[in-house]
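Student:
2 protein chains.
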Amino acid sequence: MSLRARRAKATIRDVAAYAGVGIATVSRALNDDPDIAAATRARVLEACEALAFRRSSLARSLKVGATDNVGVAIMSRHAPVILNPFYAEVIGGIEGVLEDAGKHLLLSSLKRRDDLLDLASEGRVDGLLVVGCDVVPEVLTRLRDVELPVVLIDNAFEGIPSVVVDHVGAGSQAARHLLDGGGTRFAFVAENLENPNFRARLEGFRRALAGAGIELTPEAIAAGGDSWDGGYAAMSRVLAAIHPPPDAVFAANDPAALSAAKALNEHGLRVPDQVALVGVDDIHLAAHHAPPLTTVRFDKRGLGATGARHLLDRLAGRQVPALTTIATELVERGTSRSDRGTR
Amino acid sequence: MSLRARRAKATIRDVAAYAGVGIATVSRALNDDPDIAAATRARVLEACEALAFRRSSLARSLKVGATDNVGVAIMSRHAPVILNPFYAEVIGGIEGVLEDAGKHLLLSSLKRRDDLLDLASEGRVDGLLVVGCDVVPEVLTRLRDVELPVVLIDNAFEGIPSVVVDHVGAGSQAARHLLDGGGTRFAFVAENLENPNFRARLEGFRRALAGAGIELTPEAIAAGGDSWDGGYAAMSRVLAAIHPPPDAVFAANDPAALSAAKALNEHGLRVPDQVALVGVDDIHLAAHHAPPLTTVRFDKRGLGATGARHLLDRLAGRQVPALTTIATELVERGTSRSDRGTR
DNA sequence: CTGTTAGCGCTTTCAG
DNA sequence: CTGAAAGCGCTAACAG
Numbered sequence: 055m056s057l058r059a060r061r062a063k064a065t066i067r068d069v070a071a072y073a074g075v076g077i078a079t080v081s082r083a084l085n086d087d088p089d090i091a092a093a094t095r096a097r098v099l100e101a102c103e104a105l106a107f108r109r110s111s112l113a114r115s116l117k118v119g120a121t122d123n124v125g126v127a128i129m130s131r132h133a134p135v136i137l138n139p140f141y142a143e144v145i146g147g148i149e150g151v152l153e154d155a156g157k158h159l160l161l162s163s164l165k166r167r168d169d170l171l172d173l174a175s176e177g178r179v180d181g182l183l184v185v186g187c188d189v190v191p192e193v194l195t196r197l198r199d200v201e202l203p204v205v206l207i208d209n210a211f212e213g214i215p216s217v218v219v220d221h222v223g224a225g226s227q228a229a230r231h232l233l234d235g236g237g238t239r240f241a242f243v244a245e246n247l248e249n250p251n252f253r254a255r256l257e258g259f260r261r262a263l264a265g266a267g268i269e270l271t272p273e274a275i276a277a278g279g280d281s282w283d284g285g286y287a288a289m290s291r292v293l294a295a296i297h298p299p300p301d302a303v304f305a306a307n308d309p310a311a312l313s314a315a316k317a318l319n320e321h322g323l324r325v326p327d328q329v330a331l332v333g334v335d336d337i338h339l340a341a342h343h344a345p346p347l348t349t350v351r352f353d354k355r356g357l358g359a360t361g362a363r364h365l366l367d368r369l370a371g372r373q374v375p376a377l378t379t380i381a382t383e384l385v386e387r388g389t390s391r392s393d394r395g396t397r
Numbered sequence: 055m056s057l058r059a060r061r062a063k064a065t066i067r068d069v070a071a072y073a074g075v076g077i078a079t080v081s082r083a084l085n086d087d088p089d090i091a092a093a094t095r096a097r098v099l100e101a102c103e104a105l106a107f108r109r110s111s112l113a114r115s116l117k118v119g120a121t122d123n124v125g126v127a128i129m130s131r132h133a134p135v136i137l138n139p140f141y142a143e144v145i146g147g148i149e150g151v152l153e154d155a156g157k158h159l160l161l162s163s164l165k166r167r168d169d170l171l172d173l174a175s176e177g178r179v180d181g182l183l184v185v186g187c188d189v190v191p192e193v194l195t196r197l198r199d200v201e202l203p204v205v206l207i208d209n210a211f212e213g214i215p216s217v218v219v220d221h222v223g224a225g226s227q228a229a230r231h232l233l234d235g236g237g238t239r240f241a242f243v244a245e246n247l248e249n250p251n252f253r254a255r256l257e258g259f260r261r262a263l264a265g266a267g268i269e270l271t272p273e274a275i276a277a278g279g280d281s282w283d284g285g286y287a288a289m290s291r292v293l294a295a296i297h298p299p300p301d302a303v304f305a306a307n308d309p310a311a312l313s314a315a316k317a318l319n320e321h322g323l324r325v326p327d328q329v330a331l332v333g334v335d336d337i338h339l340a341a342h343h344a345p346p347l348t349t350v351r352f353d354k355r356g357l358g359a360t361g362a363r364h365l366l367d368r369l370a371g372r373q374v375p376a377l378t379t380i381a382t383e384l385v386e387r388g389t390s391r392s393d394r395g396t397r
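Chains as they are written, first to last, in our numbering: chain A, 55 to 397; chain B, 55 to 397.
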C-alpha cells in the first residue's frame with residue numbers, strides 16, 4: 055500500500071530525480087548501454103520500478119525514427135477481412151514471424167485507396183505488408199515512391215518485392231491430373247473471372263490442355279457470381295451449353311468446386327465416376343465433403359510468413375528477392391482418379 | 055516529372071516555408087481550424103500537395119496524447135490466434151467497428167503476461183480490448199490500475215467493463231432441449247475441463263438438470279484432451295463407464311460434439327435415434343455434418359463489436375455498463391429431437 | 001486571422 | 001562514466 059496511484063504517468067525526468075541522476079543516465083540504463091556503472095543502473099531500475107515508469111514508445115519512436123510497428127494492409131471490398139479464411143491463414147503466418155521479431159502488427163482492411171498511402175507515409179509503421187491483388191496499379195506505383203519498405207503478398211508488382219503463389223502452376227497441375235485420369239471434355243468454373251488469381255489458374259489450365267492438344271472453348275468456361283452458389287450457377291451454365299457434358303471440371307477454388315458438385319449431382323452426373331472434379335485451396339470443408347474433394351493446395355501460412363520475413367530483412371537493410379513463388383501441390387482425393395482406365 | 059524525390063520527408067516547417075506562412079497556420083489548415091482565411095488554407099494545402107507532405111502521426115500523438123490506435127490483445131497458448139475461427143469472428147466484429155470509427159487496430163497475441171502490461175502502458179494505444187479468458191487475475195488487477203481504458207471480451211473482472219457470453223445459459227438451453235426430447239441418461243463431454251467457458255456451460259447444464267431432479271454423476275463427465283479427437287476420447291470414456299449408455303449428450307463445443315458423434319457411431323449408437331447430441335458454437339462444419347449438428351449459437355461478431363463499441367464509448371468519456379451479456383440460442387438440427395415421443 | 005514560442009518524452013552528441 | 005543541452009515534428013496557448 056505504500057505506492058499510491060500517481061496523478062500522471064511518470065516520465066524519464068521523474069525517474070532521474072528519484073534516482074538522483076540525469077535523464078541521459080536513465081535513458082542509458084533503459085537501453086542497456088554498456089557504458090554505465092552497474093550500481094547506477096541498478097539504482098535507476100529501482101526508481102523505474104518504484105514509480106511504475108514505462109517509457110513512452112511514442113517519444114522514443116519520434117526520436118529514433120522507428121516504431122516497431124508493421125502495417126498489414128488488406129485491400130478488400132469484402133470487409134472484415136479477417137473473416138476470410140484465406141486471409142486469416144496468411145495473417146496467421148505473418149503474425150507468427152512478426153511476434154518472434156518483437157514487432158507489433160497494425161491491421162487495416164482498407165476500403166479507400168488513399169488509406170493505404172496515408173498509412174504508408176504517416177510514420178505509424180516502419181514497413182508495410184500489402185496482402186491481396188485487389189490493389190490498383192496506380193496505388194502500387196505511388197507506394198513504390200514512398201521511402202517505406204513494402205512487401206507485396208499474393209500480388210506482384212515491378213519494383214516492389216513480392217511473394218506470390220504459383221497460380222498458373224496450380225492450373226497446370228489440375229489439368230495434368232485430369233488428363234491423367236482420362237478426361238477428354240474439360241470445363242472451368244469460377245465465381246468470377248476478374249480475380250487475377252482465378253485468371254492465372256485458368257491460364258495455367260488452358261495452357262496445359264493446349265500442350266496436350268486440347269482447346270478449352272468459351273462455352274466450357276463460366277462464372278456464376280460471388281456468392282455461396284456461384285460455382286453451382288457456373289456449373290449449371292456449362293452443363294446447359296455442352297453436350298455431351300464435360301467429364302473433367304476444374305473449379306477456380308474449393309467453394310466453387312463444392313458448389314459445382316451439387317449441380318453435377320442434381321444433373322444426374324456421378325462424381326468421380328462420370329465427372330472428375332478438382333478445386334483449389336484445400337479449405338477445411340474439402341476433406342469433409344462427400345466424396346472428399348481433390349484439390350490443389352499451397353502453404354498459406356508460409357505465404358504470409360515469407361512475406362513477413364522479407365519485410366523484416368528489408369527493415370534490417372538486407373536485400374530480398376524481387377519475386378518469390380510459393381509452390382502448389384495437388385491433393386488427390388475422392389472426386390477424381392489418376393488412373394486412366396477406371397472411368 | 056517536375057517533382058523529384060526529396061532527400062528526406064517534408065515536415066510542417068518545409069510546408070510553411072513553401073507556402074510563405076508560419077507553421078501554426080499549416081497546423082491549422084491541417085486540422086480544419088475554422089479561424090483561417092480560405093485563401094491561406096488553399097495555399098497551404100497546395101504546398102502540402104507539392105511537397106508530398108504527410109504529417110507525422112507520431113509527433114502529433116506525442117503532442118495530443120492520443121494515437122488513434124486501439125490494442126486488441128489475445129492471451130493464448132495457441133498462437134497464432136487468428137487461426138482460431140472463434141477469435142477470427144470476434145476480431146472481425148471488432149475490426150468493423152474500429153474501422154468505422156477511424157481507429158487503427160494493433161493486434162497482439164501475447165504469450166508472456168508482461169507483454170500485456172507493457173502494451174497497456176507504453177502509450178502505443180489509446181485503449182485496450184482484451185479477448186479471452188486465458189488471462190490470470192493478477193494481470194487483470196494490475197491492468198485495472200493502469201489509467202488506460204480497457205474492455206474485456208469473453209471474460210469478466212470486477213472493475214473492468216466486460217462483455218461476456220452467457221455460457222451458463224447455453225448449458226441450460228442444451229439441458230432443457232435434451233430434456234424436452236425425452237432424454238433420461240445425460241452426459242457431458244469436452245476437450246478439457248479447465249477452460250472457464252466450458253466449465254460455465256457444464257455448470258448451466260448441471261443446474262438445469264438438477265432443476266428437473268436429475269443429477270449428473272462424475273462418470274458422465276469426461277475430458278478427452280485438446281486435440282482434434284478430444285471429443286472422441288471423452289465420449290469413449292463415458293461409454294465405457296456407463297451402462298446403459300447415455301441417451302442425451304451435451305458437448306462443450308462443436309468440434310467435441312462432432313468428434314463424439316464418431317465415437318457414438320463406432321459404438322453402434324445411432325444419432326439421434328438412440329442418442330441425442332448437442333454442441334456449442336455453430337461452427338461452419340456443424341451444419342454440414344451428417345446428420346447436421348444441433349448446437350447452441352451466439353453472435354461472435356456481435357461479441358467483438360459490442361466490446362469495441364464500449365471501448366470507443368470509454369475513449370469518448372462516456373459511461374459503459376460494467377457487464378454486458380450476449381445471449382445464446384439453441385439451433386435445432388439433425389442430432390436431436392425436441393418432441394418427446396419419437397425415441 | 002496569423003506568427004512566435006514553449007513544450008510532449010525521449011535519445012544523443014558533446015563536454016566534463 | 002555521467003550530465004547538460006539540443007532537438008525529433010507537431011499542437012496550443014499567447015500575442016499581435
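Even glycine gets a Cβ: it sits at the ideal position worked out from N, Cα and C.
The structure displayed is predicted, hence computed values, not measured ones.
Give me, in chain order, the residues of the same chain whose beta-carbon lies closer than 6 angstroms to that of B:Phe352; leave out the 5 immediate sequence neighbours on both sides.
Tutor: Taking the second sequence and counting its residues from 1, the one referred to as residue 352 of chain B is at position 298. Val219, Ile380 and Thr382, listed in sequence order.
Student: Among A:Arg368, A:Leu99 and A:Ala127, which has the Cα closest to the Cα of A:Leu398?
Tutor: The question about residue 398 of chain A has no answer here: the residues shown for chain A are numbered 55 through 397.
Student: Report all residues from its chain with a CB closer than 7 angstroms to the CB of A:Arg261; omit the five preceding and five following residues, and keep chain order.
Tutor: Position 207 of the first sequence holds residue 261 of chain A. Same-chain partners within the cutoff: Ser226.
Student: Determine which residues of the stretch 295 to 309 of chain A have a Cβ less than 7 angstroms from any Cβ of chain B, and write them out in chain order.
Tutor: The residues in question: there are none.
Student: Between the stretch 173 to 181 of chain B and the stretch 109 to 127 of chain B, do at least 3 Cβ pairs fall closer than 8 angstroms?
Tutor: Flag = yes, the stretch 173 to 181 of chain B and the stretch 109 to 127 of chain B touch.
Student: Could you check if A:Thr271 is buried or exposed, using at least 16 other CB atoms within 10 Å of its CB as the buried criterion?
Tutor: Counting from one through the first sequence, the residue named residue 271 of chain A turns up at place 217. So A:Thr271 ends up on the exposed side.
Student: Closer than 8 angstroms is the cut-off here; do at least three beta carbon pairs connect the stretch 348 to 367 of chain A with the stretch 142 to 149 of chain A?
Tutor: The answer is yes - the stretch 142 to 149 of chain A touches the stretch 348 to 367 of chain A, with three or more Cβ pairs under 8 angstroms.
Student: Buried or exposed: which applies to A:Ala92, given that a residue is buried once 16 or more other Cβ atoms fall within 10 Å of its Cβ?
Tutor: In the first sequence, residue 92 of chain A corresponds to position 38, counting from 1. The residue is exposed, with fewer than 16 neighbouring Cβ atoms inside 10 Å.
Student: In the DSSP assignment, find the unbroken alpha helix (DSSP H) run with A:Gly223 in it and report its ends.
Tutor: Translated into the one-based positions of the first sequence, residue 223 of chain A becomes position 169. Taken as a continuous stretch (DSSP letters only), the alpha helix (DSSP H) holding A:Gly223 covers His221 to Asp234.
Student: Just to check, is the beta-carbon of A:Val200 closer than 7 angstroms to a non-hydrogen atom of the ligand FMN?
Tutor: Looking for the ligand FMN in the displayed structure turns up nothing, as the structure carries no ligands at all.
Student: Who are the neighbours of B:Glu100 on chain A, taking C-beta pairs under 7 angstroms?
Tutor: For the purposes of this step, residue 100 of chain B is identified with residue 46 of the second sequence, where counting begins at 1. Within chain A, no residue comes near B:Glu100; the closest Cβ sits about 18 angstroms away, beyond 7 angstroms.
Student: B:Ser115 touches chain A at which residues, Cβ-Cβ below 7 angstroms?
Tutor: For the purposes of this step, residue 115 of chain B is identified with residue 61 of the second sequence, where counting begins at 1. Per Cβ cutoff of 7 angstroms: Leu112.
Student: Which term fits B:Val69, buried or exposed, when burial requires 16 or more other beta carbons within 10 angstroms of its beta carbon?
Tutor: Along the second sequence, read from residue 1 onward, the residue named residue 69 of chain B stands at position 15. Result: buried.
Student: How should B:Lys157 be labelled, buried or exposed, when 16 other C-beta atoms within 10 angstroms of its C-beta is the threshold for buried?
Tutor: Working through the second sequence from its first residue, we reach residue 157 of chain B at position 103. The residue in question, B:Lys157, is buried, as its Cβ has 16 or more Cβ neighbours within 10 Å.
Student: State yes or no: is the C-beta of B:Ala96 within less than 8 angstroms of the C-beta of B:Ala64?
Tutor: Within the second sequence, residue 96 of chain B is the residue found at index 42, counting from 1. Within the second sequence, residue 64 of chain B is the residue found at index 10, counting from 1. No, the pair does not count as a contact, with Cβ atoms beyond the cut-off.
Student: Can you list, in chain order, the stretches of the beta strand (DSSP E) that have 3 or more residues and sit fully within the stretch 130 to 218 of chain B?
Tutor: Fully enclosed beta strand (DSSP E) runs of 3 or longer: 158 to 164, 181 to 185 and 204 to 207.
Student: Does the separation of the CB atoms of B:Thr389 and B:Val334 fall below 8 angstroms?
Tutor: In the second sequence, counting from the first residue as 1, residue 389 of chain B sits at position 335. In the second sequence, counting from the first residue as 1, residue 334 of chain B sits at position 280. Not a contact, by the Cβ cut-off of 8 angstroms.
Student: Secondary structure at A:Arg58, three-state DSSP: helix, strand or coil?
Tutor: Along the first sequence, read from residue 1 onward, the residue named residue 58 of chain A stands at position 4. At A:Arg58, the pLDDT of 39 sits below 50, so the modelled position is not reliable; the number obtained from the coordinates is stated separately. Three-state result, A:Arg58: coil.
Student: Looking only at its own chain, which residues have a Cβ that is under 6 angstroms from the Cβ of A:Arg391, when we skip the five neighbours before and after it?
Tutor: For the purposes of this step, residue 391 of chain A is taken as the residue at position 337 of the first sequence. So the list reads Gly235 and Pro326, once near-sequence residues are dropped.
Student: So what does DSSP say about B:Gly388, is it helix, strand or coil?
Tutor: On the second sequence, residue 388 of chain B is found 334 positions in, with the first residue counted as 1. Correct three-state label for B:Gly388: coil.
Student: So within the stretch 276 to 328 of chain B, which uninterrupted alpha helix (DSSP H) runs reach at least 4 residues, ignoring any that extend past its ends?
Tutor: With a minimum length of 4 residues, the continuous alpha helix (DSSP H) runs that stay inside the stretch 276 to 328 of chain B are 284 to 295 and 308 to 320.
Student: Threshold first: 4 residues or longer. Then list the alpha helix (DSSP H) segments lying entirely within the stretch 85 to 128 of chain A, N to C.
Tutor: Listed in chain order, they are 92 to 105 and 111 to 118.
Student: Can you give the Cα-Cα distance for A:Arg397 and A:His231, rounded to whole angstroms?
Tutor: Counting from one through the first sequence, the residue named residue 397 of chain A turns up at place 343. Counting from one through the first sequence, the residue named residue 231 of chain A turns up at place 177. Below a pLDDT of 50, predicted positions are generally treated as unreliable, and A:Arg397, at 42, falls in that range; no measurement from the model is reported.
Student: In the structure shown, what three-state DSSP assignment does B:Ala83 receive?
Tutor: The count along the second sequence starts at 1 and reaches residue 83 of chain B at position 29. Here B:Ala83 sits in helix by DSSP.
Student: How about A:Arg391: is its C-beta nearer than 8 angstroms to some C-beta of chain B?
Tutor: Along the first sequence, read from residue 1 onward, the residue named residue 391 of chain A stands at position 337. Not an interface residue.
Student: By the 10 Å Cβ neighbour count, where 16 or more other Cβ atoms means buried, how is B:Asp336 classified, buried or exposed?
Tutor: Numbered from 1 along the second sequence, position 282 holds the residue referred to as residue 336 of chain B. Classification for B:Asp336: buried.
Student: Would you say A:Leu384 and A:Ala228 are within 8 angstroms of each other, going by their C-beta atoms?
Tutor: One-based indexing of the first sequence puts residue 384 of chain A at position 330. One-based indexing of the first sequence puts residue 228 of chain A at position 174. Yes, the pair counts as a contact, with Cβ atoms nearer than the cut-off.
Student: In chain order, which alpha helix (DSSP H) runs of at least 4 residues are fully inside the stretch 328 to 355 of chain A?
Tutor: Counting whole runs of 4 or more residues, the stretch 328 to 355 of chain A contains the alpha helix (DSSP H) stretches 338 to 342.
Student: How about B:Val80 and B:Ile66: do their beta carbons lie closer than 8 angstroms?
Tutor: By 1-based counting over the second sequence, the position of residue 80 of chain B is 26. By 1-based counting over the second sequence, the position of residue 66 of chain B is 12. Closer than 8 angstroms, so yes.
Student: Hey, out of A:Val374, A:Val303, A:Asn249 and A:Gly267, whose CA is closest to A:Glu273's CA?
Tutor: Counted from its first residue, the first sequence places residue 273 of chain A at position 219. Checking every option, the nearest Cα to that of A:Glu273 belongs to A:Val303.
Student: Can you pull the DSSP bridge partners for A:Glu383?
Tutor: Start at 1 with the first residue of the first sequence, and residue 383 of chain A comes out as number 329. In DSSP, A:Glu383 forms a bridge with A:Arg351.
Student: Which word fits A:His297, buried or exposed, when buried means at least 16 other C-beta atoms lie within 10 angstroms of its C-beta?
Tutor: On the first sequence, position 243 is the one that residue 297 of chain A refers to. By the 10 Å Cβ count, A:His297 comes out exposed.
Student: Going by DSSP, name the residue or residues bridged to A:Thr271.
Tutor: Here residue 271 of chain A refers to the residue found at position 217 when the first sequence is read from its first residue. In DSSP, A:Thr271 forms no bridge with anything.
Student: Along the chain, where does the alpha helix (DSSP H) containing A:Val69 start, and where does it finish?
Tutor: Start at 1 with the first residue of the first sequence, and residue 69 of chain A comes out as number 15. Counting along the chain, the alpha helix (DSSP H) containing A:Val69 begins and ends at Ile66 to Ala73.
Student: I'd like to check one pair, A:Leu339 with A:Asp308: are the Cβ atoms closer than 8 angstroms?
Tutor: Residue numbering aside, residue 308 of chain A sits at position 254 when the first sequence is read from its first letter. Residue numbering aside, residue 339 of chain A sits at position 285 when the first sequence is read from its first letter. Cβ atoms of A:Asp308 and A:Leu339: closer than 8 angstroms.
Student: Who are the near neighbours of B:Glu386 in its chain, counting only those whose CB is closer than 8 angstroms to its CB and skipping five residues on each side?
Tutor: Position 332 of the second sequence, counted from the first residue, corresponds to residue 386 of chain B. Within the same chain, B:Glu386 has close Cβ partners His231, Thr348 and Ser392.
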